[in-house]
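For reference, the structure discussed in these notes is given below.
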């Protein structure tokens, strides 16, 4: 019976309580670092392609991104479990996990960090290496309708958050680190044909605030509403799954207890 209860615990996102001040500060610091550093990934990939004479720049971009994400994971843990993406906080709130106030304040810190990171990147990066900054906000690819872009961002964000919720409840380090990373890379490869993709409203907003590459309807629908809808769908799905699993465990425990009682009589 104890093993049944252990299985039930796996579907619950558990994290050590963090004060809202530290949560806000951590999100701001890590998001600022990520936005400023990741702004140069495309340029780094281009230089590496020239040095190694590899012609597939997209694959090199993915390789640089993987290295960046591997660097980011321990940094997030050090800064009080920073998430750097508001859609994760939305998924946690909707799924009924985590403190609502802390999650909202984390999102405030993320927005401040994204804006500061964008400003830092533009201030510290030589102009000659800013040639691709305007692409960082994402955008509908040629021939992609607004509705298709919305669906792409929503579905990919939903998948990303389902994996996020699952990985936070897992005990194996390989699952908590590599599964979200692999899904993120797959999402990027798929979404690259449609919207970029963004999957992070704050990053899109901060870069679009500078370059104004999106129309109003595109920015609101595809890069704000779609990720939020996707996160909400993931949160609802996870809550229903958790409730069903928990109910199943309780029913099995009750049956075992009843059988043992009858046997004792």
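Numbering (my numbering), first residue to last: 1181 to 1445.
Quick reminder that beta carbons are idealized off the backbone N, C-alpha and C, glycines included.
Every value quoted in this text rests on a predicted model; they were computed, and no experiment measured them.
Straight-line gap, residue 1425 to residue 1326 (C-alpha atoms, nearest Å) = Cα to Cα, the separation comes out at about 37 Å.
Could you check where the alpha helix (DSSP H) with residue 1208 kicks off and where it finishes?
-> Residues 1200-1218.
Check whether residue 1317 and residue 1388 have beta carbons under 7 Å apart = Contact: yes.
Over what stretch of residues does the alpha helix (DSSP H) that includes residue 1511 continue unbroken?
-> Coverage of the chain is limited to positions 1181 through 1445, which leaves residue 1511 absent and any answer about it impossible.
Can you give me the Cβ contacts of residue 1280 inside the same chain, cut-off strictly under 8 Å, excluding the 5 residues immediately before and after it?
-> Same-chain partners within the cutoff: 1273.
How many angstroms separate the CA atom of residue 1189 from the CA atom of residue 1348?
-> Its pLDDT being 41, under 50, residue 1189 is placed unreliably by the model, and nothing is read from it.
Roughly how many whole angstroms lie between the Cα atoms of residue 1284 and residue 1235?
-> Straight-line spacing of the CA atoms in residue 1284 and residue 1235 works out to 43 Å.
For the alpha helix (DSSP H) holding residue 1293, just list the boundary residues, first then last.
-> 1280-1304 is the extent of the alpha helix (DSSP H) around residue 1293.
Backbone CA spacing between residue 1305 and residue 1313 [nearest angstrom] | Rounded to the nearest angstrom, the gap between the Cα atoms of residue 1305 and residue 1313 is 10 Å.
Close Cβ partners of residue 1409 (< 6 Å) along its chain, the five nearest in sequence each way excluded | 1334, listed in sequence order.
Alpha helix (DSSP H) segment containing residue 1264, residue limits = Looking at the DSSP string, residue 1264 is not in any alpha helix (DSSP H), and its letter there is neither H nor E.
With burial defined as no fewer than 16 other Cβ atoms inside 10 Å of the residue's Cβ, what is the status of residue 1422: buried or exposed?
-> Residue 1422 is buried by the Cβ-count criterion.
Note the first and the last residue of the continuous alpha helix (DSSP H) segment covering residue 1378.
-> Counting along the chain, residue 1378 falls outside any alpha helix (DSSP H), and DSSP gives it neither H nor E.
According to the Cβ coordinates, are residue 1398 and residue 1328 closer than 7 Å?
-> With respect to residue 1328, residue 1398 sits apart: the two C-beta atoms are not nearer than 7 Å.
Could you tell me if residue 1275 is buried or exposed, where buried requires 16 or more neighbouring beta carbons within 10 angstroms of its beta carbon?
-> Buried: at least 16 other Cβ atoms inside 10 Å.
With DSSP collapsed to three states, give me the class of residue 1347.
-> Helix at residue 1347.
Can you give me the Cβ contacts of residue 1224 inside the same chain, cut-off strictly under 7 Å, excluding the 5 residues immediately before and after it?
-> Contacts found: 1244.
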